[in-house]
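Chains as they are written, first to last, in this note's numbering: chain A, 20 to 400; chain B, 6 to 163.
All C-beta atoms in this analysis are idealised placements derived from N, C-alpha and C, irrespective of residue type, glycine included.
Predicted model, so just to flag it, every value in this text is computed and none were measured.
What follows is the structure, encoded as structure tokens:
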């Protein structure tokens, strides 16, 4: 009985910690940046005023040259719209120009490719950043993208690869989840096939530079991106835009039912809690309450601490990355026992490190350890 | 090489939207020719003209508007703007369309520019900057490799 209580107490403490863990990942001043970039009216103006007056220019520059860099175009545009851009450092306004230019080139090539696929009888579902730039942000300058993600039906994958190969796209990388292509202009086109039949049925039509395509509806898109474990400022912004700026309300009950994995559920809960507290995202209270009542296992908690909140997990430790891989493996391989076979984990590492021979394994491990040691010494300084 | 037309009172301008996209950011027009992969940037005077062209303004009202807006001899304005629109045409950024004179006369409302009505700005020759290698252009780090004016202006290295 005592043992059960102590386990329960532990889990309760973990629950409380998890709600705040995203606030550990994102410092308080990032919350002001989110508000200045994503909110409208007085709250946005107040957030920017607070951020820019409380920090010195070198501190602002340090932020803008790390993760919040991804928010710069959105921040710039929102401040411009609110007549507040005179205090925005001129150099960083160039990031909006850069993003707009890069995205126009990406979307143009993607549209031409989607047209080719359509002519070959292959329907395309456009996903993630490119889709949200069209449907939610409605401004190609605010949402940085490295590539355009699309999905095709699994039976059309081979034909898709053929069409792309004949039209100037070279296969750059492939995995069990995607095929990434690149063209001569340096633009990338990432093809997936994991989208299920029901998602296709619920897909909504969209025009990509006057080429017809499909995209996931808001609930399915939210399901997709809220399952991303490595939370970044961009994913937070996307999640907020889906919740607050979709044409149709989110089907929350269906969204929760889709989350049949404890870690997925936790990722969703953390995201929704953070966004509702910091940005006032329109998440129904009963949904937050239902999610909060989901108990967290120790394994799930440790995974999140290692992967989502590396600041808490001492990410400078030389074995931090190995720990992250271990938890990734635990998540992928269903097991009733937390103590999984070490050999199976080694197989997974070999796959992740792309080693075609076992004898390369010790060298690869040693090289990675050596590469991390400078980070450790810098962190100590 | 196709001949460059000379704009006349019957000429109406149009953006070549089948091949280009543009955006005005901080008073500067950025234009991308998607087919050629070229990036163009227009200065303030060029952007003023570009905004008028985007409204499919005809030649005569365009000249009239610019002559009122800028403190300069109308003939100087006309000569300079002629060369500029011809340059835009040569780069395939705009199209010249010959309109009915009746349609031109029906355009009673004069398009306004960004400046205050009645105010006069100094007229300078409009500049169209062109960058032909967009792939290399986009490799410039927009934070660390640019000067204080921001991308695409690279930091000068000694």
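Buried or exposed (CB count within 10 angstroms, at least 16 for buried), residue i
| i | result |
| --- | --- |
| residue 51 of chain A | buried |
| residue 163 of chain A | buried |
| residue 338 of chain A | exposed |
| residue 60 of chain A | exposed |
| residue 171 of chain A | buried |
| residue 284 of chain A | buried |
| residue 280 of chain A | exposed |
| residue 242 of chain A | buried |
| residue 123 of chain A | buried |
| residue 286 of chain A | buried |
| residue 370 of chain A | exposed |
| residue 386 of chain A | exposed |
| residue 116 of chain A | buried |
| residue 392 of chain A | exposed |
| residue 312 of chain A | exposed |
| residue 102 of chain A | exposed |
| residue 72 of chain A | exposed |
Rounded C-alpha distance that separates residue i from residue j
| i | j | result |
| --- | --- | --- |
| residue 152 of chain B | residue 375 of chain A | 45 Å |
| residue 191 of chain A | residue 140 of chain B | 17 Å |
| residue 56 of chain B | residue 230 of chain A | 27 Å |
| residue 153 of chain A | residue 362 of chain A | 46 Å |
| residue 10 of chain B | residue 200 of chain A | 42 Å |
| residue 165 of chain A | residue 207 of chain A | 7 Å |
| residue 136 of chain A | residue 29 of chain B | 33 Å |
| residue 54 of chain A | residue 88 of chain A | 15 Å |
| residue 135 of chain B | residue 126 of chain B | 25 Å |
| residue 68 of chain A | residue 148 of chain B | 23 Å |
| residue 291 of chain A | residue 119 of chain A | 29 Å |
| residue 160 of chain B | residue 177 of chain A | 45 Å |
| residue 266 of chain A | residue 236 of chain A | 10 Å |
| residue 82 of chain B | residue 47 of chain B | 17 Å |
| residue 158 of chain A | residue 92 of chain A | 10 Å |
| residue 272 of chain A | residue 24 of chain B | 45 Å |
| residue 85 of chain B | residue 33 of chain B | 19 Å |
| residue 226 of chain A | residue 232 of chain A | 6 Å |
| residue 21 of chain B | residue 69 of chain B | 23 Å |
| residue 239 of chain A | residue 274 of chain A | 7 Å |
| residue 89 of chain B | residue 131 of chain B | 7 Å |
| residue 109 of chain A | residue 70 of chain A | 17 Å |
Closer than 8 Å to chain A by CB, residue i
| i | result |
| --- | --- |
| residue 44 of chain B | yes |
| residue 155 of chain B | yes |
| residue 20 of chain B | no |
| residue 30 of chain B | yes |
| residue 132 of chain B | no |
| residue 140 of chain B | yes |
| residue 143 of chain B | yes |
| residue 39 of chain B | yes |
| residue 26 of chain B | yes |
| residue 151 of chain B | yes |
| residue 8 of chain B | no |
| residue 148 of chain B | yes |
| residue 86 of chain B | no |
| residue 127 of chain B | no |
| residue 54 of chain B | no |
Residue i at chain B interface by Cβ criterion, 8 Å
| i | result |
| --- | --- |
| residue 124 of chain A | yes |
| residue 116 of chain A | yes |
| residue 121 of chain A | yes |
| residue 84 of chain A | yes |
| residue 70 of chain A | no |
| residue 110 of chain A | yes |
| residue 156 of chain A | no |
| residue 127 of chain A | yes |
| residue 88 of chain A | yes |
| residue 56 of chain A | no |
| residue 20 of chain A | Because residue 20 of chain A carries a pLDDT of 35, less than 50, the predicted location of this residue cannot be relied on, and the following value inherits that uncertainty. Cβ-Cβ to chain B under 8 Å: no for residue 20 of chain A. |
Bridge partners - residue i, DSSP secondary structure assignment
| i | result |
| --- | --- |
| residue 193 of chain A | A:198 |
| residue 208 of chain A | A:167 and A:200 |
| residue 27 of chain B | B:36 |
| residue 18 of chain B | B:101 |
| residue 134 of chain B | B:46 |
| residue 159 of chain B | B:151 |
| residue 126 of chain B | B:75 |
In chain order, what are the residue ranges of uninterrupted beta strand (DSSP E) at least 3 long that sit wholly in the region 108-152 of chain A? Runs of the beta strand (DSSP E) inside the region 108-152 of chain A: 144-146.
Which ranges would you report for the alpha helix (DSSP H) in the region 288-312 of chain A if only whole runs of at least 4 residues count? Secondary structure in the region 288-312 of chain A: the alpha helix (DSSP H) runs of 4 residues or longer, each lying completely within the stretch, are 304-311 in chain order.
Just list the alpha helix (DSSP H) runs in the region 32-116 of chain B, keeping only unbroken ones of 4 residues or longer that don't cross its boundaries, in chain order. Within the region 32-116 of chain B, the runs of alpha helix (DSSP H) that reach at least 4 residues and sit entirely inside it are, in chain order, 49-59, 64-74, 79-95 and 106-111.
Would you list, in sequence order, the uninterrupted beta strand (DSSP E) runs of no fewer than 3 residues that lie entirely inside the region 64-89 of chain A? Listed in chain order, nothing qualifies, since the region 64-89 of chain A has no complete beta strand (DSSP E) run of 3 or more residues.
For the region 224-292 of chain A, which segments carrying the beta strand (DSSP E) assignment without a break, of at least 3 residues, lie completely within its bounds, in sequence order? As far as the region 224-292 of chain A is concerned, its whole beta strand (DSSP E) runs of at least 3 residues are 230-234.
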